[in-house]
Every structure is written in structure tokens, then in C-alpha cells.
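Here is the structure we will look at.
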Amino acid sequence: MSHEHANNRRTFIAGLATLGAGALLQGCRSASPQPAASAAAPHRIDVHHHVGPPTYVAALADKGVQQRPVIEWTPAKSLEDMDKGGVATAVASITTPGFSFVDAATARRLARECNEYSTRLGRDYPGRFGLFAAVPMPDVDGTLAEIAYALDTLKADGVGFFTSYGDKWLGDPAFTPVMEELNRRK
149 MSHEHANNRR TFIAGLATLG AGALLQGCRS ASPQPAASAA APHRIDVHHH
199 VGPPTYVAAL ADKGVQQRPV IEWTPAKSLE DMDKGGVATA VASITTPGFS
249 FVDAATARRL ARECNEYSTR LGRDYPGRFG LFAAVPMPDV DGTLAEIAYA
299 LDTLKADGVG FFTSYGDKWL GDPAFTPVME ELNRRK
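Using our numbering, read the sequence shown as starting at 149 and increasing by one per residue.
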């Protein structure tokens, strides 16, 4: 191969590389400066999305429990954050302290009210909110009743649990009836 032929090939390849780089840079210049999440349709599902139903927030306030993010929560704020993050659907649940700050009867009432509120949220914003039902653990009988209501009547997407309730972890034998019921429903 002659020196002149090799030189022409190098010049040709260098020219192609320059054209490719130019095309690449041209494409970058015309790209939108906005983040990808805002440019694309929302596609994520957030399965750890805490909501602040009004009766829950009122109960927290009545007991002097400070849960700032929950107290300041609104559906509009949630939707705005979801849109910014490219979240199509958020599965609503309550956050700590759950119902640990009230007696069993109040916990049952609050769980029901929170679940009904989150179900309405899903109806008001179709496709945007799902529900992991709140349950009044460690009240096993109340929890079994709320599981039945939430799954059978409200059509909740699932049930939300904390890792422990007082001094009992989810695997504690006291919670066996709850786990058996959930296994029966799978």
C-alpha cells in the first residue's frame, strides 16, 4: 500500500468523524433544556407515597404529634411533585406513627377514614392514586376487619404495614392470623 493511499484513507476517516461529531452537536443544540422527566410522559409508579387525610392530620394535631410533611400535604402538592418526578401513579399510604398514639377503637375509626379518603382520592384523580390500606395494628381483630373492607369493598391495591408495632415485629406469633388471612387472599 502506498503512503499516499494510506494518507487519503486517514483523511477520509477523519472527515467522516468530523461530520459525525457535527451532526451530534447539532442534535444537542436542538434538544430541550428541560429534564427528561418533564419532557416525557409520566411512567413511574411510586409505591411509597404518604398522604395526610384530614381526619388523620386532625388526630395527630389533637395529640400534639408533629408530622410536618403529612400536616402540610395536599393532593395538589402531591400531583405537582409526581409530575416533576415523572410519576404516573402513586400508591397512597399513611406514615409513622400510624395509629400508635390512639386507643384501639380510635385506631379502627381512623384506619377506615384514611382508607375511604384515599379511595376518594383515586376516584377524584383517576389513574393517579392507588391505595395500600391502613390497618389498626396491633389490634388483630380490627386489622382483619379492615383488610376485608379495604380489599373487598374499597378494592385497595394492597395493605400497608410498618416493620413493628410496639415491641412486636411483623413475624411475631400474635400477628399470625393477619398473615394467614393475607396468604389466603393471594
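The beta carbon of each residue, even a glycine, is placed where N, CA and C say it ideally should be.
This one's a predicted model, so the numbers in the text were calculated from it and none came from an experiment.
Neighbourhood of residue i by C-beta distance below 7 Å, restricted to the same chain and skipping five residues each side
{"i": "P245", "result": "V213"}
{"i": "F310", "result": "T244 and G246"}
Rounded straight-line distance, which links the Cα of residue j to that of residue i
{"i": "R260", "j": "A253", "result": "11 Å"}
{"i": "F277", "j": "E264", "result": "13 Å"}
{"i": "V218", "j": "S226", "result": "11 Å"}
{"i": "P201", "j": "D272", "result": "14 Å"}
{"i": "E294", "j": "H198", "result": "19 Å"}
{"i": "E329", "j": "Y313", "result": "18 Å"}
{"i": "G308", "j": "A282", "result": "6 Å"}
{"i": "D229", "j": "G319", "result": "35 Å"}
{"i": "D231", "j": "P190", "result": "7 Å"}
{"i": "C262", "j": "D300", "result": "16 Å"}
{"i": "K303", "j": "P284", "result": "18 Å"}
{"i": "I193", "j": "G275", "result": "11 Å"}
{"i": "A296", "j": "A224", "result": "30 Å"}
Cβ-based neighbour list, residue i, same chain, cut-off 8 Å, excluding 5 preceding and 5 following
{"i": "K211", "result": "F249 and V250"}
{"i": "A154", "result": "With a pLDDT of 48 at A154, under the threshold of 50, the predicted position of this residue should be treated as unreliable, and no value is reported."}
{"i": "K334", "result": "none"}
{"i": "T324", "result": "none"}
{"i": "D305", "result": "V239, G278, L279 and F280"}
{"i": "E220", "result": "G200"}
Residue environment, residue i, which counts as buried when at least 16 other CB atoms sit within 10 Å
{"i": "P321", "result": "exposed"}
{"i": "V326", "result": "buried"}
{"i": "R332", "result": "exposed"}
{"i": "W317", "result": "exposed"}
{"i": "D315", "result": "exposed"}
{"i": "D267", "result": "With the sequence shown as reference, residue 267 is identified as Thr, and Asp is not the correct amino acid for it. So T267 ends up on the buried side."}
{"i": "A255", "result": "buried"}
{"i": "A169", "result": "With a pLDDT of only 37 at A169, under 50, the local geometry of the prediction cannot be trusted, and the value read off the model is given with reservation. Classification of A169: exposed, given that the 10 Å Cβ count is below 16."}
Same chain only: Cβ atoms within 6 Å of residue i, ignoring 5 sequence neighbours per side
{"i": "G270", "result": "F277"}
{"i": "Q215", "result": "L208"}
{"i": "V195", "result": "V239"}
Nearest-angstrom Cβ-Cβ length linking residue i and residue j, presumed shorter than 8 Å
{"i": "L258", "j": "T222", "result": "No, L258 and T222 are not in contact; Cβ-Cβ is about 19 Å, not under 8 Å."}
{"i": "A188", "j": "G234", "result": "6 Å"}
- prompt: Would you call the region 198–207 and the region 238–253 touching, i.e. three or more CB-CB distances under 8 Å?
  reply: yes
- prompt: Can at least three beta-carbon pairs, one atom from the region 235–242 and one from the region 287–298, be found at a separation below 8 Å?
  reply: no
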